[in-house]
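Residues in the sequence shown are numbered from 1218 upward in steps of one, following the working numbering.
In what follows, a single structure is set out as structure tokens and then discussed.
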Amino acid sequence: MRKEWKYRLSCGFLALTMAGVQPALVYAVQDHTAEAQEALSEEDSAAQNQETSSDTENALQSQENLPEEAPEGEGDFTTEEQIDAYFDGAVFVGDSVMVGYSNYAMRRGGPCLGRMQFLAAVSFSAFNALRPVTAKSTHPLYQGQKRYIWESLAMMQAKKVFICFGLNDIDMGPLERTGERYAQVAANIKAACPDAEIHIMSMTYMRSARAKGRLNNPSIVQFNEMMRQMALNNGWGFVDIANPLADASGQLASQYCSDNYVHQTNAAYDVWTQVLREYAKAQIEGTSAYPIGGQNVQEEEASEASPEEHAGEQETTAEQETNETQGSRVIGPKEDRSQGGPGVVKESEEEDGMTNL
């Protein structure tokens, strides 16, 4: 039976093969498979191309969304070390409030405070800075001897001078008079130290309950605004210490006052240091509102004048420069002060209203 079945199957297969049926079917299946494979290959290729194109577009889009790199030399690159180094050659001049900061800096030390130098004394003021040096005068000691501060600054080779006067001056007369004395002190410093920068520090506020005469917070506000404008006009720096220490009512905040009057706590001097570091950073980066040596208001107005006005002004330029030079030189106690402003004051000059702080 098995042999017969195999024989019949072989004959049938042979007959189909001779008729060409099976090969045709086989070839047809093979041809169809090849076409299908080719079609699939084309689809795969198209899909791959589409994916590649999509990946490229996504990559380009990602690059477009990346933040632009800051040009070289721009950006916030100021380091803490640079801020510390800003105070190399910095000398702080002032009264008893500055004496307090001097003591604070000496105790705290560190890379910033340790660089600062001080010329401060109790009861010191712009008025006293211009008075003759005597055994009883309030001029700060330097190397064991009292001197005019501009002489001491020259010996110290000061690069930056931070001046904080006013509490002992403000009750002595009109604010403008104190401003004139302040300006003369700055002029004397520049005459003795031509390369030194002048930085004005605002007078700090007081506790309102202790106000007396002209020594009150509204007068301090006026004085600080006058000094701020003077700094702008002369290319000096200006540091606002008063407002960071004020409470909502505009007086020296209680946590910053050590005697319910004008003197200050270590917490206040922490604020001083923070404000001074922020100020140094702005000066280094050139973003300060009070650039050293910047164009003053009068120069800006002059630059906007017409050519005809400039031509008319040229005739008086030499005379003006001469007068300005005379007004800036250091005046000794026995010299004629008529040309040079206050210079220094005489022992007999009015001292009524002086506050000793």
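C-beta: ideal position from N, C-alpha, C; glycine also.
Cβ-Cβ distance between residue i and residue j below 8 angstroms
i, j, result
"W1367", "N1405", "yes"
"A1307", "M1323", "no"
"S1342", "D1386", "yes"
"V1378", "I1415", "yes"
"Q1481", "G1326", "no"
"A1506", "I1300", "no"
"S1369", "L1336", "yes"
"L1469", "R1424", "yes"
"L1462", "Y1422", "yes"
"Q1446", "Y1303", "no"
"I1448", "C1410", "According to the sequence provided, residue 1448 is Ala. The question's Ile does not apply to it. Not closer than 8 angstroms, so no."
"V1456", "M1418", "yes"
"L1392", "F1344", "no"
"F1382", "G1467", "no"
"R1388", "G1430", "Per the sequence presented here, residue 1388 reads as Asp, with Arg not at that position. In contact: D1388 and G1430 (Cβ atoms closer than 8 angstroms)."
"I1206", "W1489", "No answer is possible for residue 1206: the residues shown for the chain start at 1218 and end at 1574."
"A1338", "V1402", "no"
"E1502", "T1296", "no"
"G1390", "M1444", "no"
"Y1321", "Y1486", "yes"
"K1407", "A1400", "no"
Bridge-paired residues (DSSP) for residue i
i, result
"G1361", "For G1361, which the question treats as bridged, DSSP gives no partner whatsoever."
"I1300", "The partner list for I1300 (beta bridge, DSSP) is empty, contrary to what the question assumes."
"M1418", "V1456"
"F1335", "F1309"
Simplified DSSP state of residue i, which is helix, strand or coil
i, result
"Q1374", "coil"
"G1430", "coil"
"V1246", "Annotation note: pLDDT 41 at V1246 (below 50); position unreliable, no value reported."
"F1344", "helix"
"F1379", "strand"
"I1366", "helix"
"I1509", "coil"
"G1317", "helix"
"A1413", "coil"
"R1554", "Annotation note: pLDDT 33 at R1554 (below 50); position unreliable, coordinate value reported separately. It is coil, neither helix nor strand."
"R1494", "helix"
"M1423", "coil"
"F1294", "coil"
"N1282", "Note that N1282 has pLDDT 47, beneath the 50 cutoff, so the model's placement of it is unreliable and no number is given."
"A1499", "helix"
Beta strand (DSSP E) segment containing residue i, residue limits
i, result
"L1330", "Segment 1327-1330 is the alpha helix (DSSP H) holding L1330; no beta strand (DSSP E) there."
Enclosing alpha helix (DSSP H) for residue i [first to last residue]
i, result
"N1385", "Premise fails: N1385 is in no alpha helix (DSSP H) and is neither H nor E."
"T1351", "First-last for T1351: undefined, no H or E at that position."
"G1396", "1392-1409"
- Item | beta strand (DSSP E) runs wholly inside the segment 1442-1484, at least 3 long, in chain order | 1454-1456
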